[in-house]
Every structure is written in structure tokens, then in C-alpha cells.
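For reference, the structure is listed below as C-alpha cells.
What follows is the structure, given as C-alpha cells:
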């Protein structure tokens, strides 16, 4: 296989692990700050609420794409990113600083700066670097907000939804193409050539129509991270340091699932990422969980 394929393919599993470890590291500050997406982390209704919100939001974005309200889409995504950074930086400043006023100011400044950089200079390495923080933060927020059973239900539902939306209705492909055209920073961009520029080229093709970069949705890295964080927060710790065995199993399983996915991605067709990634994370979690109960 050519080097321009080997390196980006190897980078993606590394990015997944970075997001998962980052989500775990953020879980203590987020939990200490009382930041949570759901009031009752044990409720099995939470995954269905999540899916319902996702469906409504996706339908809304598809309508905006269809009627070419690109500026509104840009603002919606930018505001969502800004608020995600607010949660992340507020938790960190709350955890590490004693002065609430300084923490508030620092939170707003850092959140605004990170969001501005993403939109003012949307180069691939900027998107990927700041995107890792977004993904880790989102995974951590939902991970500390949901116990393991609701998370597993959520991951299974999302895997089914992702498969339907990519292979059957194909609306997720339409959504992804619309977001890429706007250069919105909610996808990870992994270039295949050294002089690649996302700002100038987008994901245009080079050589025989092949795309200049691999793309992977942030959700593909966020979702398994939710299980990693939930397992580490809500289950009894093992003897492996700051990660317990179920969390380690979920990380290993998700990486194996991603590697399996990449064997199909190289064929050049859009693939549903969550079925193998979520499936691998759940399988790995179950193996790790067995180690602490037997």
C-alpha cells in the first residue's frame, strides 16, 4: 500500500485513543463542576431522548442544506461548538482555579478564541487539533451523564441508525457533503499528501479522481468514548491505574472496530462508522467487565 494511504490510516486509531483518554481525563473536572446532560444517569429513557433530539436536529440541518441556508448552518454549528468549549473550559477552570471571576473570564475568552480560530483559519491541522478537544469534551459530558446500561442502549441504537442513514436512506451522506462544502469543523480531516490544504482544496480529488484526504465524523470518535468514560466512572475500578478493565476493553474493542472499518474505507465508498466501532467498544467492554466480576 502507498505511503499516502498507510500514514493517514494509522493516524485514525491514534486519534480515537487520544479522544477516549482525553474524555477520561476530563471526566473528573466535569463531574466536580456538576456538568451533566441528563438528571438521572440510570434512566433507560435517556438514549431515546438523545436519539429523538438527534433526529430532529438532523432533519432541520437537511432542510437548511436543501434550501441553501448555508450561512444559518454555519452559525448553528459555530454556536454549538462555542457552547461545547464553554462546558469544557468552565469545568477545567472550576477544577484548577479558586477565583470564580477569573475562571469565568478565562472560560469565555478561551471558548471564543478556539471557536474563532476554527472558522477564521480552518486548516486541517487546526480542525483536527481543536476537534480532538471537542470530541473528548462531548464524550466526557455524556459519559458522566449516563450509566453503562443506557450507554450500551444508546450505542446500539446509534449503530442501527448510522447504518440505515448511510446505506438505506443515504441522508447522512448528504449531510456530510453539505457540511464539508461549508468547511464546517465537525469532521476530522486526514490528508493523503504533504502539501494538502483543506482551506484551499476542500476534499477535492487528486490522481484519477481520488480524494485528497480521508474524512471521519467526530461522532465516530465521540460515541465509543461515552462508553469508556461511563465504564470508568460508574463501575468498580480494576488494578490498572486510572482506567478500569471495562474501560480498557472498550478502548481496545473500539480500535479494533475502527481498523475493521478502515479496510472498507480504503475502497473509496462512504461507510457507516458506528456499527463496527460501537460494536467493538461494547464487545471489548464486556470482556473487560468479565475480568472484574469473575
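In our numbering, the protein residues as written are 283 to 576. Virtual Cβ for every residue (Gly too), placed ideally from N, Cα, C.
Below 8 Å on the Cβ atoms is my guess for residue i versus residue j; work out the distance and round it to an integer in Å.
{"i": "residue 563", "j": "residue 509", "result": "5 Å"}
{"i": "residue 393", "j": "residue 364", "result": "6 Å"}
{"i": "residue 624", "j": "residue 318", "result": "In the structure displayed, the chain extends from 283 to 576; residue 624 sits before or after that span and is not available."}
{"i": "residue 595", "j": "residue 344", "result": "As shown, the chain starts at 283 and ends at 576. That puts residue 595 outside it, with no answer to give."}
{"i": "residue 460", "j": "residue 347", "result": "4 Å"}
By DSSP, does residue i sit in helix, in strand, or in coil?
{"i": "residue 468", "result": "coil"}
{"i": "residue 549", "result": "coil"}
{"i": "residue 497", "result": "strand"}
{"i": "residue 557", "result": "helix"}
{"i": "residue 329", "result": "helix"}
{"i": "residue 290", "result": "helix"}
{"i": "residue 323", "result": "coil"}
Does the Cβ-Cβ distance between residue i and residue j come in under 8 Å?
{"i": "residue 373", "j": "residue 315", "result": "yes"}
{"i": "residue 558", "j": "residue 429", "result": "no"}
{"i": "residue 540", "j": "residue 295", "result": "yes"}
{"i": "residue 468", "j": "residue 500", "result": "yes"}
{"i": "residue 398", "j": "residue 507", "result": "no"}
{"i": "residue 404", "j": "residue 465", "result": "yes"}
{"i": "residue 309", "j": "residue 537", "result": "no"}
{"i": "residue 304", "j": "residue 414", "result": "yes"}
{"i": "residue 533", "j": "residue 299", "result": "yes"}
{"i": "residue 435", "j": "residue 329", "result": "yes"}
{"i": "residue 449", "j": "residue 333", "result": "no"}
{"i": "residue 326", "j": "residue 440", "result": "no"}
Could you name the residues of the same chain whose beta carbon sits closer than 8 Å to that of residue i, not counting the 5 residues immediately before and after it, in chain order?
{"i": "residue 495", "result": "290, 406, 471, 472, 473, 474, 478, 480, 485"}
{"i": "residue 438", "result": "560, 564"}
Beta-carbon within less than 7 Å of residue i's beta-carbon, same chain only, minus the 5 sequence neighbours each way: which residues are those?
{"i": "residue 445", "result": "554, 557"}
{"i": "residue 543", "result": "553, 555, 558, 559"}
{"i": "residue 368", "result": "389, 393"}
{"i": "residue 525", "result": "306, 514"}
{"i": "residue 408", "result": "399, 400"}
{"i": "residue 402", "result": "none"}
{"i": "residue 483", "result": "494"}
{"i": "residue 502", "result": "555, 556, 559"}
For residue i, which residues of its own chain have a beta-carbon under 6 Å away from its beta-carbon, when the five flanking residues on both sides are left out?
{"i": "residue 535", "result": "562, 563, 565, 566"}
{"i": "residue 504", "result": "417, 420, 421"}
{"i": "residue 302", "result": "507, 510, 533"}
{"i": "residue 377", "result": "311, 314"}
{"i": "residue 547", "result": "553"}
{"i": "residue 531", "result": "566, 567, 569, 570"}
{"i": "residue 549", "result": "none"}
Does at least one heavy atom of the ligand GTP sit under 7 Å from the Cβ of residue i?
{"i": "residue 511", "result": "Ligands displayed in this structure: none; no statement on the ligand GTP is therefore possible."}
### Message
At 3 residues or longer, what runs of the beta strand (DSSP E) sit wholly inside the stretch 359–403?
### Response
none
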